[in-house]
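When we follow our numbering, the leftmost residue of the sequence shown carries the number 137, and every step to the right adds one. Worksheet for the structure shown next.
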Amino acid sequence: EDEKLEVLKAAGLEAAISRAEKFIERLRNLLKKAEEAGYSSGRLAEIEDQLNKAAETLEEARRLLDEGKTDEAARKFKEARRLLAGLPGELHAATKPLRARKAGKFLDRAAERMEKVKKRLEDLPVPKHVREKVYRSLDVAFAKLEKAREHVRHGALSEAAEEAEDLASRLSKAQQWLP
């Protein structure tokens, strides 16, 4: 009975270690993408160091588990989990300035597209009711653009993304009315 329990405990720990290793790999990939996107900071280096320590601790836990030292392996696993706790949030926070810059560039491109639609509308012979619909849609889109920019300035990127999504929808609608 005790042997069965020990085998089950070891199997569960093995699975948990594997999941934690995959989690570390996903975080490393996110870290790599942030660096490839041109973002670098001391905080990213600290996160990478902590990931490396957690990976080493998991390797130690796996070695202990292979030696049949389940309780010691479980302690090492818990230590690794403590090292990993909060890292996704820290990585998210560390890359926030990069995401804000990207959001700003997206909004700048949207503003350019809206100006092109407005210019195109002025140059095309379109019926008055169509022109009015497009102008109304553009007015709302410009208001959404300003709200999105305000959200980006205050670091509220998810709110900015919602406004940008609505903005893109309205811009698309405005373009559909044009020949």
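Glycine is no exception: its CB is placed at the ideal position from the N, C-alpha and C atoms.
Reference residue i; option with closest CA among the options
| i | options | result |
| --- | --- | --- |
| Arg-162 | Glu-251, Leu-223, Val-262 | Leu-223 |
| Leu-257 | Arg-272, Leu-243, Arg-245, Asp-244 | Arg-272 |
| Glu-251 | Lys-241, Glu-298, Glu-184, Phe-278 | Phe-278 |
| Leu-254 | Pro-263, Arg-267, Phe-242, His-290 | The amino acid occupying residue 254 in the given sequence is Lys; Leu does not appear at that position. Of the listed residues, the one whose Cα sits closest to Lys-254 is Arg-267. |
| Leu-144 | Glu-282, Leu-201, Arg-179, Arg-164 | Leu-201 |
| Gly-240 | Arg-285, Glu-150, Ala-151 | Arg-285 |
| Arg-105 | Gly-148, Ala-151, Leu-149, Lys-189 | Since the first residue shown for the chain is 137 and the last is 315, residue 105 is missing from the structure and cannot be characterised. |
Three-way DSSP call (helix, strand, coil) for residue i in this model
| i | result |
| --- | --- |
| Gly-291 | coil |
| Glu-258 | helix |
| Lys-283 | helix |
| Pro-224 | helix |
| Tyr-175 | coil |
Where residue i falls, given that 16 or more other Cβ within 10 Å makes a residue buried
| i | result |
| --- | --- |
| Arg-306 | buried |
| His-290 | exposed |
| Leu-274 | buried |
| Leu-227 | buried |
| Leu-281 | buried |
Expected contact under 8 Å - CB spacing of residue i and residue j to nearest Å
| i | j | result |
| --- | --- | --- |
| Ala-320 | Leu-194 | Because the chain here runs from 137 to 315, residue 320 falls outside it and cannot be looked at. |
| Leu-234 | Ala-297 | Wrong, their Cβ atoms sit about 15 Å apart, outside the cutoff. |
| Leu-141 | Ala-210 | Actually they are not in contact, since the Cβ atoms of Leu-141 and Ala-210 sit about 13 Å apart, beyond 8 Å. |
| Ala-216 | Ala-197 | 6 Å |
| Val-270 | Leu-314 | 6 Å |
For residue i, the first and last residue of its enclosing alpha helix (DSSP H)
| i | result |
| --- | --- |
| Leu-141 | 138-172 |
| Thr-231 | Note, Thr-231: premise wrong, no alpha helix (DSSP H); not H, not E. |
| Ala-181 | 178-202 |
| Leu-216 | The amino acid at residue 216 is misidentified as Leu; the sequence shows Ala. Note, Ala-216: alpha helix (DSSP H), 206-220. |
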